[in-house]
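Protein chains: 2
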Amino acid sequence: MQYLHDYILKEGRVLSSQVLKVDSFLNHQVQPTLIQEIGREFANAFANSQVDKVITVEASGIHIAYATALALGVPFVYAKKKRAVTQSDDVFSAPVMSYTRNETVDITVSKSFIRPGERVLVIDDILANGNAVMGLLDILQSAEANVVALGVVIEKRFQDGRAKIQARNIPILSLASIESMENGRVVFTDSEESKMEFLTKE
Amino acid sequence: MQYLHDYILKEGRVLSSQVLKVDSFLNHQVQPTLIQEIGREFANAFANSQVDKVITVEASGIHIAYATALALGVPFVYAKKKRAVTQSDDVFSAPVMSYTRNETVDITVSKSFIRPGERVLVIDDILANGNAVMGLLDILQSAEANVVALGVVIEKRFQDGRAKIQARNIPILSLASIESMENGRVVFTDSEESKMEFLTKE
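Sequence order for the protein chains is S and Z.
Numbering that gives the first Met the number 0 applies: residue 0 is where the first sequence begins, and numbers increase by one.
Numbering that gives the first Met the number 0 applies: residue 0 is where the second sequence begins, and numbers increase by one.
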């Protein structure tokens with residue numbers, strides 16, 4: 000997605016070979032026209048996948064899930080993060096380790112909002128170690144929902160999120176896949192290669 | 000806003016005279032077409048207010064701020080919640096007491112994203128005791144930004160948020176203003192009265 004690649008190259012700040020700041024346009028300050036394009040891109044990719052619902056986890060996936068759900072014409076759900084491990088009959092929950100915050104939180108989804116057999120598209124802003132997405136997949140498994148795919152805006156290909164998610168046979172669509180960030184330079188994964196992998200997987 | 004009133008009457012669940020659950024369409028599961036209409040409604044109301052930026056606080060204001068910012072053609076910023084009181088030269092921060100979580104969190108905004116003199120529209124999902132909004136107003140004051148107004152989707156008129164915010168001379172636009180919820184029945188504030196108050200204040 001050229002528009003997104005341009006944003007990353009122009010506005011992204013590489014703080015180390017592992018850390019990319021995209022908080023001027025994606026996950027703190029947000030450029031709405033970019034998000035609208037991202038939502039349309041995901042919606043086009045999954046237009047024929049009979050998506051019933053989009054799911055994400057608060058907070059930085061919310062605007063992206065909304066833009067995607069609007070373009071697909073379906074509702075979306077955002078899992079909530081709670082510190083306390085509150086067992087409840089009314090929610091599905093899964094523990095998620097956050098490295099940036101150095102704590103484990105529970106993410107929860109009300110049982111009312113995910114039904115058995117629903118076809119759910121998982122959306123998030125960034126795929127790195129994949130912990131938050133794995134938590135969502137656990138919840139969707141508990142709910143006996145069908146996971147259509149994972150769509151992420153930016154994938155840090157050099158971290159292990161992809162391997163974990165593919166081990167569950169979930170197709171992944173990354174709109175921007177970053178191969179490396181050595182010496183402050185963002186190198187994208189060859190886009191044709193990414194696309195073919197996705198199509199083959201799906 | 001009739002479309003929103005209908006949603007509240009049809010889908011909202013009054014759990015007590017104080018508590019209204021709107022998590023099937025507004026702040027857990029979300030109906031995108033409703034949010035799009037809400038964003039357009041705010042954008043129409045503030046079309047001539049020279050808004051430079053929309054601001055909200057994570058998580059449940061994000062999709063609403065996005066829809067509003069998109070319709071206005073400006074960026075939005077969401078304040079982040081952090082548990083640790085991290086003093087930093089790079090962020091504006093304010094403490095916010097959360098009654099639902101029974102803890103005080105810091106909300107923070109990077110100094111890069113709010114500039115002195117910017118005209119900022121504050122958006123949130125629900126106005127009750129107004130604590131989160133007061134935190135945002137503190138941040139905007141530190142940033143020497145100009146607050147255009149507060150726009151909220153649902154106001155619980157019988158709580159004290161409005162009084163606190165009006166004490167700072169900030170106009171408030173509520174798309175749905177709830178006067179009372181006695182005996183499980185939602186009673187809206189007379190809409191003409193709400194509108195006149197807003198126009199007079201502005």
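Note that beta-carbon positions come from the ideal geometry of N, C-alpha and C, so glycine has one too.
Because the structure is a prediction, the values reported are computed rather than measured.
- For the alpha helix (DSSP H) assignment, the uninterrupted runs of no fewer than 4 residues enclosed by the region 3 to 56 of chain Z are, from N- to C-terminal side, 31 to 44.
- If you look at residue 132 of chain S, you'll find it in the alpha helix (DSSP H) that goes 130 to 141.
- Contact annotation, residue 156 of chain Z with residue 171 of chain Z: C-beta distance approximately 10 Å; criterion of less than 8 Å not satisfied.
- The Cβ of residue 89 of chain S sits no closer than 8 Å to any Cβ of chain Z.
- Taking CB atoms only, residue 94 of chain Z has no neighbour in chain S less than 8 Å away.
- For a Cβ distance threshold of 7 Å, residue set 61, 62, 65 of chain Z lies close to residue 62 of chain S, ordered along the chain.
- Per the DSSP secondary-structure output, residue 93 of chain Z pairs in a beta bridge with Z:106.
- Residue 77 of chain Z sits buried, since 16 or more C-beta atoms from the chains shown fall within 10 Å of its C-beta.
- Per DSSP, the unbroken alpha helix (DSSP H) holding residue 161 of chain S starts and ends at 160 to 165.
- Taking 8 Å as the threshold, the shortest C-beta distance from residue 181 of chain S to chain Z does not fall below it.
- Under a 10 Å Cβ-count criterion, residue 9 of chain S is classified as exposed, with fewer than 16 other Cβ atoms of the shown protein chains found around its own Cβ.
- Along the region 5 to 24 of chain Z, going in chain order, the ones with a CB nearer than 9 Å to a CB of chain S are 22, 23, 24.
- Taking a cut-off of 8 Å for Cβ pairs, the region 106 to 113 of chain Z and the region 21 to 31 of chain Z do not touch, as fewer than three such pairs fall below it.
- For the pair of segments examined, the region 33 to 44 of chain Z was found not to touch the region 36 to 52 of chain S: the number of CB pairs separated by less than 8 Å stays below three.
- In the DSSP annotation of this structure, residue 65 of chain S is not part of any beta strand (DSSP E); the continuous alpha helix (DSSP H) holding it starts and ends at 61 to 71.
- Chain S has no Cβ within less than 8 Å of the Cβ of residue 143 of chain Z.
- Contact of residue 57 of chain Z with chain S by beta-carbon distance below 9 Å involves 57, 58, 59, 61.
- In the structure shown, residue 157 of chain S falls within a coil segment according to DSSP collapsed to helix, strand and coil.
- Distance between residue 131 of chain Z and residue 108 of chain S, taken at the CA atoms: about 23 Å.
- Under the 8 Å criterion on CB atoms, residue 110 of chain S is classed as non-interfacial with respect to chain Z.
- Here residue 182 of chain Z carries a helix assignment [DSSP, helix/strand/coil].
- For residue 98 of chain S, no beta strand (DSSP E) encloses it, and the DSSP letter there is neither H nor E.
- DSSP places residue 75 of chain Z in the uninterrupted beta strand (DSSP E) bounded by 75 to 81.
- Under the Cβ distance rule, residue 74 of chain Z counts among the residues neighbouring chain S, one pair being separated by less than 8 Å.
- Residue contact with chain S for residue 98 of chain Z: absent (no Cβ-Cβ distance below 8 Å to any residue of chain S).
- With contacts defined as CB atoms closer than 8 Å, residue 183 of chain S and residue 159 of chain S fail to qualify as a contacting pair.
- Residue 62 of chain S and residue 92 of chain Z have their C-alpha atoms roughly 23 Å apart.
- Taking 8 Å as the cut-off, the beta carbon of residue 31 of chain S is found closer than this to the beta carbon of residue 69 of chain Z.
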